[in-house]
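Protein chains: 2
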Amino acid sequence: MNDCPDTTPEQLEQVLAAAAAAAPVLGSARPAERAAWIRATADALDAAADSLVPLAIEESALAEARLRGEVARSSGQLRLFADALEDGALLEPIIDTADPDATPIPRPDLRRVLVPLGPVLVFAASNFPFAFSVCGGDTASALAAGCPVVVKSHPGHPRLSDAVAEVMVTALRTAGAPDGTLAVVHGDRAGVDALGDPRVRASGFTGSVAGGLALHEIAVNRPDPIPFYGELGSLNPAFVLRGALEERRSGIASGFVASYTLGVGQFCTKPGLLVLPVGHGLEEEIVAAAEEVAPARMLNDRIHEGYTAGLAKLRERGSVEALVTGDESDRGASASLFKTTVPRLIEDAAVLLEECFGPTSILVEYADDDELHAAAAAFGGSLTATVHGADSDTDVAQRLLPLLQDRVGRVVWNGWPTGVAVSWAMQHGGPFPATVGSVHTSVGTTAARRFQRPVCYQDTPGDLLPEVLRDRNSLNVSRRVDGEITRSDIGS
Amino acid sequence: MNDCPDTTPEQLEQVLAAAAAAAPVLGSARPAERAAWIRATADALDAAADSLVPLAIEESALAEARLRGEVARSSGQLRLFADALEDGALLEPIIDTADPDATPIPRPDLRRVLVPLGPVLVFAASNFPFAFSVCGGDTASALAAGCPVVVKSHPGHPRLSDAVAEVMVTALRTAGAPDGTLAVVHGDRAGVDALGDPRVRASGFTGSVAGGLALHEIAVNRPDPIPFYGELGSLNPAFVLRGALEERRSGIASGFVASYTLGVGQFCTKPGLLVLPVGHGLEEEIVAAAEEVAPARMLNDRIHEGYTAGLAKLRERGSVEALVTGDESDRGASASLFKTTVPRLIEDAAVLLEECFGPTSILVEYADDDELHAAAAAFGGSLTATVHGADSDTDVAQRLLPLLQDRVGRVVWNGWPTGVAVSWAMQHGGPFPATVGSVHTSVGTTAARRFQRPVCYQDTPGDLLPEVLRDRNSLNVSRRVDGEITRSDIGS
Chain A
6 MNDCPDTTPE QLEQVLAAAA AAAPVLGSAR PAERAAWIRA TADALDAAAD
56 SLVPLAIEES ALAEARLRGE VARSSGQLRL FADALEDGAL LEPIIDTADP
106 DATPIPRPDL RRVLVPLGPV LVFAASNFPF AFSVCGGDTA SALAAGCPVV
156 VKSHPGHPRL SDAVAEVMVT ALRTAGAPDG TLAVVHGDRA GVDALGDPRV
206 RASGFTGSVA GGLALHEIAV NRPDPIPFYG ELGSLNPAFV LRGALEERRS
256 GIASGFVASY TLGVGQFCTK PGLLVLPVGH GLEEEIVAAA EEVAPARMLN
306 DRIHEGYTAG LAKLRERGSV EALVTGDESD RGASASLFKT TVPRLIEDAA
356 VLLEECFGPT SILVEYADDD ELHAAAAAFG GSLTATVHGA DSDTDVAQRL
406 LPLLQDRVGR VVWNGWPTGV AVSWAMQHGG PFPATVGSVH TSVGTTAARR
456 FQRPVCYQDT PGDLLPEVLR DRNSLNVSRR VDGEITRSDI GS
Chain B
6 MNDCPDTTPE QLEQVLAAAA AAAPVLGSAR PAERAAWIRA TADALDAAAD
56 SLVPLAIEES ALAEARLRGE VARSSGQLRL FADALEDGAL LEPIIDTADP
106 DATPIPRPDL RRVLVPLGPV LVFAASNFPF AFSVCGGDTA SALAAGCPVV
156 VKSHPGHPRL SDAVAEVMVT ALRTAGAPDG TLAVVHGDRA GVDALGDPRV
206 RASGFTGSVA GGLALHEIAV NRPDPIPFYG ELGSLNPAFV LRGALEERRS
256 GIASGFVASY TLGVGQFCTK PGLLVLPVGH GLEEEIVAAA EEVAPARMLN
306 DRIHEGYTAG LAKLRERGSV EALVTGDESD RGASASLFKT TVPRLIEDAA
356 VLLEECFGPT SILVEYADDD ELHAAAAAFG GSLTATVHGA DSDTDVAQRL
406 LPLLQDRVGR VVWNGWPTGV AVSWAMQHGG PFPATVGSVH TSVGTTAARR
456 FQRPVCYQDT PGDLLPEVLR DRNSLNVSRR VDGEITRSDI GS
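These protein sequence lines are chains A and B, in that order. Residues 6 to 497 (the working numbering) make up the first sequence, in order. Residues 6 to 497 (the working numbering) make up the second sequence, in order.
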């Protein structure tokens, strides 16, 4: 399937040497300068959409409208990171002025800023050929942090990866960014070799639990362990409370089917369970909607094989009943659907609470609130949990939400988890196995922190300080000074 | 040496069960309530200093004034974390209000806050029986984050560990904190077993490179990997520029000797190298000052053995010349000192750039600025680097500081690295091997982030949101709302 030859060890050496050489230049660039380089890649991506999207359709089998949305999402994401960089939010300046009267010892002048870790290795995902690939969130956040990026392409869309890289590299060069700021490599060998290379200082990954854990093991067992941020698998349970069911029955049925079959179910935020009260009466409508979903090709053979294997495992369980059988012929898939109860879900948790990546989900019926809460307490770490509720459900929800908060990174109320907005407040990550490294996010402006470390300057003269830490706040950024957030100059 | 029996597996089970039970109570407590519990431990520590300090002297052989300062530092640290918690800084609320016109898709209302990870296991250090032990920075930051803490005591001061825990546990209980908020366990077996237990969600460590890496390996290779924050070893080179030498010769000599011999050289921030221009003329004064330092007992046998082995290795190298021989009899140590040149330092880097924990250091002479910068580029990750400079050194310093920023977490100007202020801006951590996990700090208010993860609420009704995320900013905290930092209510 891979039309692009694997990167040779000699080529990889050139890529890593160039990234290492770019690191100090990129890291010491002024925020506005680095932001301009990033914006240049965003503009270039938008301008190249007409040539990139057809390539993406060919390699990923995804629909044009979805892919055009993904380009816009990716360029918007690059611009948001550029904004956050110029705002100063990504630098997190914190200043404590000297306090000769502090006890037990006088306090020196201390000024802290986040600096880039150095070259970052990004393992691209198959299911978002733009938004979680060469021009995706890991790349955007690492560039904003000031780190050169080496992307290990996903074999599902190698030619698109090269094409996107060419667009971005040209834009970066034209805008004045150093050579080596961005590169793409192909092949597992290149990815693994790069992950073990001392010049690579951190890595981001989006993909399967097995693949992510294998790479995690390499990263953390190096002689010099590096941070590895892996976004792995997620069940994304959705819970329907009684009040919501009374208010908006059919919206729930159609919304659920649209969400779990979106993009042929190939979303890490796909709702894998819908937990409903016994007697919900939605089954017929859900089944009808699922049967209407047109079959479509899946991303690639490996994903199709994984999906059919997962389905086969579910179909042989006595713990679930098939409501919609589905058709997985021809590397494609139509929607399938299963049904069970909370006690059977808990009894067969090892199989039923495992992610099955594709257009399938399980209706789970709860007899009472105890079963509802038992279902919420049964699943492990997940990216999201969704609740459909109404005012009359407040008491039940107040018990439910803390259980969900303990298990997920994002709680969705009266919506669906697919569709991850890129913004300041977004959290995309959750307790293991959703993520390795759940103290961070892979989407939203705080994602840059994964690739930064703090440096504190003690009693250092102004002309030797990074600009953002000087007395005069010439960049006009928000800084925490002596505990208070302010844009004022120091000593004014 | 250990007067306290090892924690049995049955006792450990009780400790972990209590910690797990305390986690949701501690995590859902209002910031002001949790802050009050933390302040109660600070007050209790101060009140108990007269009984704790003699125990600390007995077990650690450290001096009374130093230990009293450490108690004050520890209680002050607890209070700073309580303040930061009430300020809202530790919760990091970020709110994006809904934007139906956002492209490519409408943006929902998103509200993000940091929540506790769950029970934290702290491995205490030997060299700070208060400040990096039961009542130390890892404990303070984890409690402020809302995590129950289990401390694996250091065998160098087990009785003090029990006594401090009793003071803190009594204060917590009296103040109304849940049982299981804090506990101490003894023995390597208990520490290793706890580190592998699924109820433990993160771990902090301060100690040797070998010990830290062994525990790191356990934490990251669990079936569910957890974050392990290890503060390991550090060289802390200090650089003297020519202008500084002209201005303040003798201050440099006495300051250097005081810093590297402070607490019998048993500081992770001890300056292990002093890099000076050839012809500096300070040797005589430094040697005289070092020879005047009274010998003192080291913390324990293991540290004394490690120190004498490190010294023996240095003494047999042809690459250094001994200036002060030192005396390591009787579990004690007087100051020792070596001397070399930059070319010899680089040639024998594997030995000379390794931390030797105790009252020894190496004078390194540079012939010109190229050698100065070569020395700065030669060392690996370190907690600190120190520069002594004057106005006339600005050009040289402007080349030097970026090299140091790449290698350390704190740059000290015209001071000494020993003495780590506890404040908002402090950074205690640096690139490996100084730290495993250099994107974080173990001292300063941002240390709490190690034990928190973000959760985002999407379109969630106000009465189901954590208080700090509601429209009305009833806690009066700084929040980032639609990209801007403000204390205003939403929609006002």
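The C-beta atom is built at its ideal place from N, Cα and C for all residues, glycine as well. Because the structure is a prediction, the values reported are computed rather than measured.
**Asked** Quick one: what does DSSP say LEU304 of chain A is sitting in, helix, strand or coil?
**Response** Within the first sequence, residue 304 of chain A is the residue found at index 299, counting from 1. Coil, per DSSP.
**Prompt:** Name the chain B residues that come within less than 7 Å of ARG117 of chain A, Cβ to Cβ?
**Reply:** Here the question's residue 117 of chain A lines up with position 112 in the first sequence. Within 7 Å Cβ-Cβ: ALA430 and GLN432.
**Asked** Should ALA258 of chain A go down as buried or exposed, given a rule of 16 or more other Cβ atoms within 10 Å for buried?
**Response** By 1-based counting over the first sequence, the position of residue 258 of chain A is 253. The residue in question, ALA258 of chain A, is buried, as its Cβ has 16 or more Cβ neighbours within 10 Å.
**Item:** Contacts around LEU405 of chain B, its chain only, beta-carbon distance under 6 Å, and the 5 residues preceding and following it disregarded
**Value:** Position 400 of the second sequence, counted from the first residue, corresponds to residue 405 of chain B. Around LEU405 of chain B: ALA381.
**Asked** Which class does PRO98 of chain B belong to by DSSP, given the choice of helix, strand or coil?
**Response** As a position in the second sequence, residue 98 of chain B is number 93, starting the count at 1. PRO98 of chain B: coil per DSSP, three-state reduction.
**Message:** Contact criterion: CB-CB distance below 8 Å. Does ASN419 of chain A meet it with respect to chain B?
**Reply:** Against the first sequence, residue 419 of chain A aligns to sequence position 414. Interface residue, yes.
**Message:** Is there a C-beta anywhere in chain B that falls below 8 Å from the one on LEU406 of chain A?
**Reply:** Residue mapping note: residue 406 of chain A aligns to position 401 of the first sequence, counting from 1. Yes, LEU406 of chain A lies at the interface with chain B (some Cβ there is under 8 Å from its Cβ).
**Asked** Roughly how many angstroms lie between the CA atoms of ASN7 of chain A and ARG39 of chain A, to the nearest whole one?
**Response** The count along the first sequence starts at 1 and reaches residue 7 of chain A at position 2. The count along the first sequence starts at 1 and reaches residue 39 of chain A at position 34. Confidence at ASN7 of chain A is low in this model, with a pLDDT of 49, below 50, so its placement is unreliable and no value can be given for it.
**Message:** Strictly under 8 Å for the Cβ-Cβ distance: is HIS378 of chain B near chain A by that measure?
**Reply:** For the purposes of this step, residue 378 of chain B is identified with residue 373 of the second sequence, where counting begins at 1. Closer than 8 Å: no.
**Item:** Inter-residue Cα distance where the pair is CYS152 of chain B and ALA293 of chain A
**Value:** The sequence position of residue 152 of chain B within the second sequence is 147, counting from 1. The sequence position of residue 293 of chain A within the first sequence is 288, counting from 1. Cα to Cα, CYS152 of chain B sits roughly 47 Å from ALA293 of chain A.
**Item:** Alpha-carbon spacing of VAL269 of chain A relative to VAL298 of chain A, whole angstroms
**Value:** The sequence position of residue 269 of chain A within the first sequence is 264, counting from 1. The sequence position of residue 298 of chain A within the first sequence is 293, counting from 1. One C-alpha to the other measures close to 9 Å.
**Prompt:** What is the rounded straight-line gap between the Cα of THR482 of chain A and the Cα of ALA37 of chain A?
**Reply:** Here residue 482 of chain A corresponds to residue number 477 of the first sequence, with the count starting at 1. Here residue 37 of chain A corresponds to residue number 32 of the first sequence, with the count starting at 1. Correcting the residue type first, residue 482 of chain A is Val in the shown sequence and not Thr. Roughly 12 Å between the two C-alpha positions.
**Asked** In chain B, what lies closer than 9 Å to ARG112 of chain A by C-beta?
**Response** Here residue 112 of chain A is taken as the residue at index 107 of the first sequence, counted from 1. Taking a Cβ-Cβ threshold of 9 Å, the residues of chain B close to ARG112 of chain A are ALA426, VAL427 and SER428, in chain order.
**Asked** Counting Cβ pairs, one atom from each stretch, are 3 or more of them under 8 Å apart for the region 386 to 398 of chain B and the region 208 to 222 of chain B?
**Response** The region 208 to 222 of chain B and the region 386 to 398 of chain B do not touch, with fewer than three beta-carbon pairs separated by less than 8 Å.
**Per-residue burial, THR179 of chain B [other beta carbons within 10 Å of its own, 16 or more giving buried]** = Residue numbering aside, residue 179 of chain B sits at position 174 when the second sequence is read from its first letter. THR179 of chain B is exposed by the Cβ-count criterion.
**Item:** Sequence-distant residues of its chain with Cβ nearer than 7 Å to HIS378 of chain B (five each side left out)
**Value:** To locate residue 378 of chain B, count along the second sequence from 1; it is residue 373. ARG404, LEU405 and LEU408, listed in sequence order.
**Message:** I'd like to know if MET6 of chain B contacts chain A, where contact means its C-beta is closer than 8 Å to some C-beta of that chain.
**Reply:** Indexing the second sequence from 1 puts residue 6 of chain B at position 1. Any reading at MET6 of chain B needs caution, since the residue's pLDDT is 45, under 50, leaving its predicted position unreliable; the model's value is listed next. Judged by the 8 Å Cβ criterion, MET6 of chain B is not in contact with chain A.
**Request:** Determine which residues share a DSSP beta bridge with CYS461 of chain B and list them.
**Result:** Mapped onto the second sequence, residue 461 of chain B falls at position 456. According to DSSP, CYS461 of chain B shares a beta bridge with A:ARG415 and B:ARG117.
**Prompt:** Name the chain B residues that come within less than 8 Å of GLN82 of chain A, Cβ to Cβ?
**Reply:** As a working mapping, residue 82 of chain A is identified with position 77 in the first sequence. Here the premise fails: no neighbours, minimum Cβ distance about 11 Å.
**Asked** Closer than 8 Å, CB to CB, is CYS133 of chain B near chain A or not?
**Response** Walking along the second sequence from the start, residue 133 of chain B turns up at place 128. Residue identity check: residue 133 of chain B is Phe in the sequence provided, not Cys. PHE133 of chain B does not count as touching chain A.
**Item:** Coil, strand or helix - MET388 of chain B by DSSP
**Value:** Stepping through the second sequence from its first residue, residue 388 of chain B is reached at position 383. With the sequence shown as reference, residue 388 of chain B is identified as Leu, and Met is not the correct amino acid for it. Reduced to three states, the DSSP call for LEU388 of chain B is strand.
**Message:** Below 8 Å on C-beta distance, what does TYR462 of chain B contact in chain A?
**Reply:** As a position in the second sequence, residue 462 of chain B is number 457, starting the count at 1. ARG415, VAL416 and TRP418, listed in chain order.
**Prompt:** Taking all protein chains shown into account, do 16 or more other C-beta atoms lie within 10 angstroms of the C-beta of ALA27 of chain B, making it buried, or fewer, making it exposed?
**Reply:** In the second sequence, residue 27 of chain B corresponds to position 22, counting from 1. Answer is buried; the Cβ neighbour count reaches 16.
**Prompt:** At what residues does the beta strand (DSSP E) containing VAL127 of chain B begin and finish?
**Reply:** Residue 127 of chain B sits at position 122 when you count from the first residue of the second sequence. 125 to 128 is the span of the beta strand (DSSP E), which, as asked, contains VAL127 of chain B.
**Request:** Look at TRP429 of chain A and THR465 of chain B and say whether their C-beta atoms are less than 8 Å apart.
**Result:** The count along the first sequence starts at 1 and reaches residue 429 of chain A at position 424. The count along the second sequence starts at 1 and reaches residue 465 of chain B at position 460. Not in contact: TRP429 of chain A and THR465 of chain B (Cβ atoms no closer than 8 Å).
**Asked** With distances taken between CB atoms, is the gap from GLU370 of chain A to LEU281 of chain A smaller than 8 Å?
**Response** Start at 1 with the first residue of the first sequence, and residue 370 of chain A comes out as number 365. Start at 1 with the first residue of the first sequence, and residue 281 of chain A comes out as number 276. A contact, by the Cβ cut-off of 8 Å.
**Nearest to GLY74 of chain A (by Cα), restricted to the options A:PRO111, A:ALA338 and A:ALA426** = In the first sequence, counting from the first residue as 1, residue 74 of chain A sits at position 69. For the residues A:PRO111, A:ALA338 and A:ALA426, the minimum Cα distance to GLY74 of chain A belongs to A:ALA426.
**Message:** If the criterion is Cβ atoms closer than 8 Å, does the pair PHE128 of chain A and GLY196 of chain A meet it?
**Reply:** Translated into positions along the first sequence, residue 128 of chain A becomes position 123. Translated into positions along the first sequence, residue 196 of chain A becomes position 191. For PHE128 of chain A and GLY196 of chain A, yes; Cβs fall inside 8 Å.
**Request:** Mind checking the region 441 to 453 of chain A against chain B and listing, in chain order, the residues whose C-beta falls within less than 9 Å of any C-beta there?
**Result:** VAL441, GLY442, SER443, VAL444, HIS445, THR446, GLY449, THR450 and THR451
**Asked** Beta-carbon of PHE437 of chain B versus every beta-carbon of chain A: anything under 8 Å?
**Response** For the purposes of this step, residue 437 of chain B is taken as residue 432 along the second sequence, with counting starting at 1. Output row for PHE437 of chain B: interface = yes.
**Message:** I'd like the list of long-range same chain contacts for ARG84 of chain A, defined as Cβ closer than 7 Å, with 5 residues on each side in sequence excluded.
**Reply:** To locate residue 84 of chain A, count along the first sequence from 1; it is residue 79. Here the set comprises ARG44 and ALA47.
**Message:** Tell me which residue opens and which closes the alpha helix (DSSP H) that ALA52 of chain B is part of.
**Reply:** Within the second sequence, numbered from 1, the residue matching residue 52 of chain B stands at position 47. Under the DSSP assignment, ALA52 of chain B falls in the alpha helix (DSSP H) whose first and last residues are 36 to 65.
**Prompt:** Would you say the beta carbon of PRO230 of chain A comes nearer than 7 Å to a heavy atom of the ligand SAH?
**Reply:** The ligand SAH is not part of the structure shown, which contains no ligands of any sort.
**Prompt:** CA-CA distance, VAL20 of chain A and ILE291 of chain B?
**Reply:** Position 15 of the first sequence holds residue 20 of chain A. Position 286 of the second sequence holds residue 291 of chain B. The alpha-carbon atoms of VAL20 of chain A and ILE291 of chain B are separated by roughly 48 Å.
**Among B:LEU148, B:GLY488 and B:LEU126, the one whose alpha carbon lies nearest that of SER158 of chain B** = Along the second sequence, one-based indexing puts residue 158 of chain B at 153. Ranking B:LEU148, B:GLY488 and B:LEU126 by Cα distance to SER158 of chain B puts B:LEU126 first.
**Asked** To the nearest angstrom, how far is it from the Cα of THR186 of chain A to the Cα of ALA327 of chain A?
**Response** Taking the first sequence and counting its residues from 1, one reaches residue 186 of chain A at position 181. Taking the first sequence and counting its residues from 1, one reaches residue 327 of chain A at position 322. Taking the straight line from one Cα to the other gives about 51 Å.
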